[in-house]
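So the structure is just underneath, and the comments pick up after that.
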Amino acid sequence: MNTDVPTTPGPSSGSLLRRSGWRLEKRLEVKPWHEVVTLVGAFIVGLAICSILIAASDKSVVDSYRALFDGAFGSRRAVYETLVQATPLIFTGLAAAFAFRARVWNIGGEGQFFAGAMGAFFVSNLWHAHLPRGVMVPVLFIAAAAAGALWASIAGLLKARYDTNEIITTVMLNFIILLILSYLLGDLWRSPDTFYFQTVTLPESAHLPLIVDGTRLHWGFGIAVAMAVVVHVVLRRTALGYEVRGVGINRTAGSYKGISVPRVTVLVMAISGALAGLAGAAEFSGIHHRLQLDISNNFGFVGIIIALIGRLHPAGVVVSAIAFGALVNGAVTMQIQTGIPAALVDVIQGLSLIFVLSGAVAVRYRLQRTHTDE
Amino acid sequence: MNGSSADSVLLRASGVTKRFPGVVANDNITLDVRRARVHCLLGENGAGKSTLADLFYGVHEPDEGVIELRGEPIHMVSPRDAIAAGIGMVRQHFELVTPMSVLENVVIGTRGEAKVDLRAARDRLRELCDLYGVEVDLDTPVGDLAVGQQQWVEILKALYLGCEVLILDEPTAVLTPEGIERLFATLRRMASEGLTIVLITHKLHEVMEISDDVTVLRRGRVVRTSLTSEVTMADLTRMMVGRDVDLAIDVAETPRGDLVLDVSGLDVATESGRGSLKQVSLRVHEREILGIAGVSGNGQDALFDVLVGMRSADSGRIVVDARDVAELSPAGRLDIGIASVPADRIHQGLMMDFRISENLILGRQRSERFGRRGWLNQKGIGEFADDSFAAFEIAAPSPAHVTRVLSGGNLQKIVMARELAGQPRLLVVHQPTRGLDIGATEYVRRRLVEERDRGAAILLISEDLDELLNLSSRIAVMFDGRIVGEVDRRDATIDRIGLWMAGVSDTPGEALA
Ligand SMILES: Nc1ncnc2c1ncn2[C@@H]1O[C@H](COP(=O)(O)OP(=O)(O)OP(=O)(O)O)[C@@H](O)[C@H]1O
Ligand SMILES: [Mg+2]
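If you read the protein sequences in the order shown, they are chains A and B. Numbers given in the numbering used here equal positions in the first sequence, counted from 1, plus 210. Numbers given in the numbering used here equal positions in the second sequence, counted from 1, plus 72.
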């Protein structure tokens, strides 16, 4: 993000650095490779700090991380499963990144995910008997995007019209949609043949096809990566993307030059919600094949972390989503083989985020040898 | 260096080089600033003045060479080191916390103490204000102050921190003629009390008026340091630009055309009541430049905002080409051909984190030239950027660079290039040449006249009386939100306009406020 580093009081680089013959200097341009280094570095530091936790519990760090790595990338199957885990995170990460680019703080990815899944279920329930698979699946995704967009638009419109704080409204909308869903699952949408709060199983014709037969890797992953490309192209090559970035950089100048900030805000919210909604459709029709309350593993919230770690860049989002997919996936193996709780992954996530964010500031400086004068 | 005066040298740059990607901003600069004198730095936009000042202030460290203070080399890693050494600076773009009060802004710069004694700070500031004749309410949020006033806050900050050298980067760009008078009086008093002043400006007469020494920079190098008394303005121009420049450009009278802008009975209230508009009426025709003179803070900002659609009027009408535009958004007004150059280019005119080429199309990203059905036309954008770079001699490595790296004058050039390119029907410009070097000033003025001759109606809001007298067909004067007088250029005199600006009407002795 555009964290402006004030230059007047200046970075507290201090005399210690100076005495060592090095100095911090403000970097004039942050090149893409700097960002990549920060990202990778943050993960590594996160892992390194967690190794202290592992060592403290008398486990072998090497064995644990080997198990983690094996679980994530050790075999073909493991890789596919990693990508399966990454899929919803790419969508929700893109959703957050797109909104944040315009400095619209959509924290409602979780709710929009459910809105999307519900939209998908709704149309599949309505039409599955009548539509062939080739049509059903796209319709389902469109419905999910529309539902996610609609749900997010509530916050977008409130913000545009009444300047309501979108952080609060989107979080509230998360609660509301979950309550609506539990109501529906307990009543109208509940499958007649079960006690559980869940819907009927989706007929085969509405399942997302698999990329690799015999695995869980479905085309949702392909769609997610495609959406990353689309988001990138929209941001860089279209007038809308130009305006979105502009509103994120300087709203006042944007308004002076005719960009309607309320309009952009509503659009950004809607598009962001649509992307999160797609995650709901992908999980619903690619993995679970029915609706229940636990189809999201906090994907909406983790998406925010993914977006920040990916520096709000679509490629960064894809990379960090896959990295997190790998962590989640590998953690299971690690837990089975070494007994280290998979929750360690959350710690790694959190730490990486902290390091990426501090890295975002650090990357604006470079260390230079001071010329010798003594 | 100069044997006789060596001991009076307070601050010295010795063989200093500073490179940025693609440019050598300072190239082996050697410069002596003598104690208790006013030393001007002069040079074209992008010549490296701000960079040199930043080196003195510890914002950057030189790649080569050293800065010396009182004959000792000093190493500064940040402005904090500079402040500790007694060097203060008012930078070209202020660094104030706008929601905080004047007092808080000044005190925020002090460090080290866990608790700040606000009462003592207030007393000390009052003293400083009295000593140097600064009038500013210490409890006003800085954001509510006019830019000129904000600058005084920056100066107070530097004084409060106890500086011995005060560097001012284009302070007069944001001041009115009276403000400049006051600043100069203050600077002279400071110098006589032993303070050393380094001043950056583009205005030659200011250099002649205030400075003891003057150094001309060109493309990052020192052309020459001279005693001001030993050079003429023409000498300085030649050193700076390499040719003679006459800013009083030849503006032939042209018969004006149809009425374009017709404003009548405009009332605009502002939140603070300062700078509101009261019953403003004015008309601008095709092929006509209407100059608006006035001390800043007398309603110019509100007038600008209401014309471009950023503020709505409480009453009155704005008619453009016989069409009431009251309901039109800023975008709608762009569409009917209203172009505008805001005074505050950084906040209102530019996206500092955009590429330069992107800023050059701001507002026209959906026009046919730069896009098609929502797609940006990269080729068109690139070509336009190249044209603008050539026409305005924009000093930057390439249009793909981020706008942030541009020098102050080059930022202004970006805005001017953008707004002049759209063949506007009505052009509302606020301080169009602020911060431009004389070459660029001449170019922009010439372009404004060209636009006029093409048929545009131009409203020129400026605090530069020379500029107004040179370019305008008619001049109207604003005071306290009203138009207090309007005069044909032929009948305009500086004295008459000056009186109006001070709120004195034509009838002697009667105040307008
Ligand atoms: N942070 C930066 N990164 C890259 N280039 C820079 C940076 N700051 C300045 N430059 C470049 O260095 C050169 C000198 O800039 P500088 O700001 O010192 O000019 P200046 O003499 O103050 O001009 P102006 O009169 O327009 O303010 C310019 O070409 C500018 O683009
Ligand atoms: Mg400058």
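Glycine included, C-beta positions come from ideal geometry on N, C-alpha and C.
Val457 (chain A) sits in a helix when the DSSP states are folded into three classes. Within the same chain, Thr548 come within 7 Å of Asp273 (chain A) by CB-CB distance, once the 5 residues on both sides are set aside.
Residues of the same chain with a CB within less than 6 Å of the CB of Asp126 (chain B), apart from the 5 flanking positions on each side, are His132 in chain order.
In the DSSP annotation of this structure, the continuous segment of the alpha helix (DSSP H) that includes Cys260 (chain A) starts and ends at Pro242 to Ala266.
In this structure, the CA atom of Asp316 (chain B) is about 43 Å from the CA atom of Asn177 (chain B). Only those residues of the region 452-480 of chain A whose C-beta falls short of 9 Å from the nearest C-beta of chain B are listed: Tyr452, Glu453, Arg455, Gly456, Gly458, Ile459, Asn460, Thr462, Ala463, Gly464, Ser465, Tyr466, Lys467, Gly468, Ile469 and Ser470. For the 8 Å CB-CB criterion, Gln322 (chain A) and Gly358 (chain A) form a contact. Taking C-beta atoms under 8 Å as the contact rule, Leu383 (chain A) and Met328 (chain A) fail to qualify, at a distance of about 13 Å. From the listed residues B:Ala341, B:Gly363 and B:Arg395, the smallest Cα separation to Asp386 (chain B) is found for B:Ala341. Per DSSP, Leu247 (chain B) has no beta-bridge partner at all. Ligand 1 has no heavy atom closer than 7 Å to the beta-carbon of Val88 (chain B). Minimum Cα-Cα distance from Gly366 (chain A) among the listed residues A:Leu537, A:Phe509 and A:Ile317 corresponds to A:Ile317.
Going by DSSP, Ala529 (chain B) is part of the beta strand (DSSP E) stretching over Ala529 to Ile533. Straight across, the Cα-Cα distance linking Met544 (chain A) with Ile532 (chain A) is about 18 Å. The Cβ neighbour count for Thr170 (chain B), taken over all protein chains shown within 10 Å, is under 16; the residue is labelled exposed. Between the region 257-275 of chain A and the region 511-526 of chain A there are fewer than three inter-stretch CB-CB distances shorter than 8 Å, so the stretches are not counted as touching. CA-CA distance, Leu210 (chain B) to Leu231 (chain B), rounds to 15 Å. Taken from the Cβ of Gln484 (chain B), every heavy atom of ligand 2 lies 7 Å or farther away. In the structure shown, Val378 (chain B) adopts helical secondary structure according to DSSP, grouped into three states. Applying a distance threshold of 7 Å between residue Cβ atoms and the heavy atoms of ligand 2 selects B:Lys121, B:Ser122, B:Gln164, B:Asp241, B:Glu242, B:Ile272, B:Ser479, B:Gly480 and B:Gly481, given in chain order. Closest by C-alpha distance to Thr102 (chain B), out of B:Gly137, B:Gly234 and B:Val392, is B:Gly137. Per DSSP, reduced to three states, the secondary structure at Leu368 (chain A) is helical. Pairing Glu207 (chain B) with Asp556 (chain A), the inter-Cα distance amounts to about 57 Å.
At a cut-off of 8 Å between beta carbons, Asp425 (chain B) contacts chain A. Contiguous beta strand (DSSP E) elements confined to the region 402-454 of chain B occur at 410-413, taking only those with 3 or more residues.
Fewer than three beta-carbon pairs drawn from the region 389-397 of chain B and the region 417-427 of chain B are found closer than 8 Å, and the two stretches are therefore not classed as touching. Met550 (chain B): not part of any alpha helix (DSSP H); member of the beta strand (DSSP E) spanning Arg546 to Phe551, first to last residue. Closest in C-alpha terms to Leu350 (chain A), from the list A:Thr404, A:Lys369, A:Ala416 and A:Val527, comes A:Ala416. The region 507-518 of chain B makes contact with the region 481-493 of chain B; the number of CB pairs closer than 8 Å reaches 3 or more. In the DSSP assignment, no residue is bridged to Gly451 (chain A). Nearest C-alpha to Ile352 (chain A) among A:Pro551, A:Gly490, A:Ala339 and A:Gln502: A:Gly490. Relative to ligand 1, the beta carbon of Asn431 (chain B) is positioned no closer than 7 Å to any heavy atom. Residue environment for Gly404 (chain B): exposed (fewer than 16 other C-beta atoms within 10 angstroms of its C-beta).
Note on Glu242 (chain B): 16 or more other CB atoms within 10 angstroms of its CB, so buried under the neighbour-count rule. The Cβ atoms of Ile252 (chain B) and Asn542 (chain B) do not sit closer than 8 Å to each other.
Contact holds between the region 156-164 of chain B and the region 218-237 of chain B, because three or more Cβ pairs, one in each stretch, are under 8 Å apart.
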